[in-house]
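K.L.:
Sharing a structure with you now.
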Amino acid sequence: MARSRSRSRDRHRVSKRSRASPDDRHRSERRDKNVDRERGSRHTDKYSRTDKVDKSSSRDDRSRRDSKPDSKDRRRDSRRRQAELEARVIEEETVRLVTASVEAKVKEVMSSQAVQQSLQERLVRERKLLEEQAWASQSSLPYQCWDVLPLQVEKELAEERVAAEAEAKRAQEAIQAKQRELQQIEQQRQHEADEARRQAESAEQQSAEQRFLELQQKAQEEQEKRKKEEQKRKKDQAKILGKHGARTKLSFKLG
Numbered sequence: 041m042a043r044s045r046s047r048s049r050d051r052h053r054v055s056k057r058s059r060a061s062p063d064d065r066h067r068s069e070r071r072d073k074n075v076d077r078e079r080g081s082r083h084t085d086k087y088s089r090t091d092k093v094d095k096s097s098s099r100d101d102r103s104r105r106d107s108k109p110d111s112k113d114r115r116r117d118s119r120r121r122q123a124e125l126e127a128r129v130i131e132e133e134t135v136r137l138v139t140a141s142v143e144a145k146v147k148e149v150m151s152s153q154a155v156q157q158s159l160q161e162r163l164v165r166e167r168k169l170l171e172e173q174a175w176a177s178q179s180s181l182p183y184q185c186w187d188v189l190p191l192q193v194e195k196e197l198a199e200e201r202v203a204a205e206a207e208a209k210r211a212q213e214a215i216q217a218k219q220r221e222l223q224q225i226e227q228q229r230q231h232e233a234d235e236a237r238r239q240a241e242s243a244e245q246q247s248a249e250q251r252f253l254e255l256q257q258k259a260q261e262e263q264e265k266r267k268k269e270e271q272k273r274k275k276d277q278a279k280i281l282g283k284h285g286a287r288t289k290l291s292f293k294l295g
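Numbering of the sequence shown is given in our numbering, commencing with residue 41 and proceeding in unit increments.
This is how it looks when you write it as structure tokens:
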């Protein structure tokens, strides 16, 4: 409809221009060109503003779409870190429990009399075997080496004995350290249990005292209530007796 109006206006201007003088036609043509230029500039401005609005809205939509994956990634990373932390805590607790169980079993085994006796018998057997091997090898050596071999065997046995004693000492120290640690843990647990028991007893005592005070206050209130009711009953009884006495006296005078 707007296009038909513009065409009718153009035809009207052309008809006027054909009837006018050359100067008028020249001025009319320039005026029409200016009008067309202004109309085209307004049309271009309108489309440029529309394009700007469309571009800004597309940028906003793109930024919103980009921000949503970021939030999802952050939540996913948070859940993953939490799962890793839980797995690490479970693994550390499992290792601690297994280590404690193994140390307890080692302590039990090392402290048993049968194990000590077995180790001692094994040491004696190995020492006897070494001596036999030394004497067997001594018989095949020259006479000058016979005095050297027993000393060497004794030296090796002494070194093995020292190493075994050092190993046993280290094991004993480790066991004692673990015993001290367990004792400290037991003392701490006992202290916490005693503290919890004292708090429970204190709370129970406070609750009992509070109940006793409430019962005592309730008994006093009941006693005061009964006392007031007794006083009221006596007053009402006195009033009733007074009324009956007055009536009796009046009837006596009239009689």
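Note that CB positions come from ideal geometry on N, CA and C, so glycine has one too.
#1: Of the residues Ala123, Arg119, Arg266 and Glu221, which one's Cα is nearest the Cα of Glu143?
#2: Taking Cβ to Cβ, would you say Leu137 is nearer than 8 Å to Arg167?
#3: With a cut-off of 8 Å on the beta carbons, I'd call Ile215 and Lys145 a contact; round off their distance for me.
#4: Could you tell me the alpha carbon to alpha carbon distance between Arg115 and Gln239, rounded to whole angstroms?
#5: Relative to the C-alpha of Arg162, which residue among Arg229, Lys265 and Glu200 is closest?
#6: Rounded to whole angstroms, what is the Cα-Cα separation between Arg165 and Ala204?
#7: Gly282 to Arg266, Cα distance in whole Å?
#8: At the level of alpha carbons, what is the spacing between Arg210 and Gln219?
P.N.:
Considering the structure as presented:
#1: Along the sequence shown, one-based indexing puts residue 143 at 103. Checked all of Ala123, Arg119, Arg266 and Glu221; the closest Cα to Glu143 is Glu221.
#2: Here residue 137 refers to the residue found at position 97 when the sequence shown is read from its first residue. Here residue 167 refers to the residue found at position 127 when the sequence shown is read from its first residue. No; because the gap between Cβ atoms is not below 8 Å, this pair is not in contact.
#3: To locate residue 215, count along the sequence shown from 1; it is residue 175. To locate residue 145, count along the sequence shown from 1; it is residue 105. About 12 Å; that fails the 8 Å criterion.
#4: Position 75 of the sequence shown, counted from the start, is the residue given in the question as residue 115. Position 199 of the sequence shown, counted from the start, is the residue given in the question as residue 239. Cα to Cα, Arg115 sits roughly 43 Å from Gln239.
#5: In the sequence shown, counting from the first residue as 1, residue 162 sits at position 122. Checked all of Arg229, Lys265 and Glu200; the closest Cα to Arg162 is Glu200.
#6: What you label residue 165 is simply residue 125 of the sequence shown in a count that begins at 1. What you label residue 204 is simply residue 164 of the sequence shown in a count that begins at 1. The alpha-carbon atoms of Arg165 and Ala204 are separated by roughly 15 Å.
#7: Working through the sequence shown from its first residue, we reach residue 282 at position 242. Working through the sequence shown from its first residue, we reach residue 266 at position 226. Taking the straight line joining both Cα atoms gives about 24 Å.
#8: Stepping through the sequence shown from its first residue, residue 210 is reached at position 170. Stepping through the sequence shown from its first residue, residue 219 is reached at position 179. Roughly 14 Å between the two C-alpha positions.
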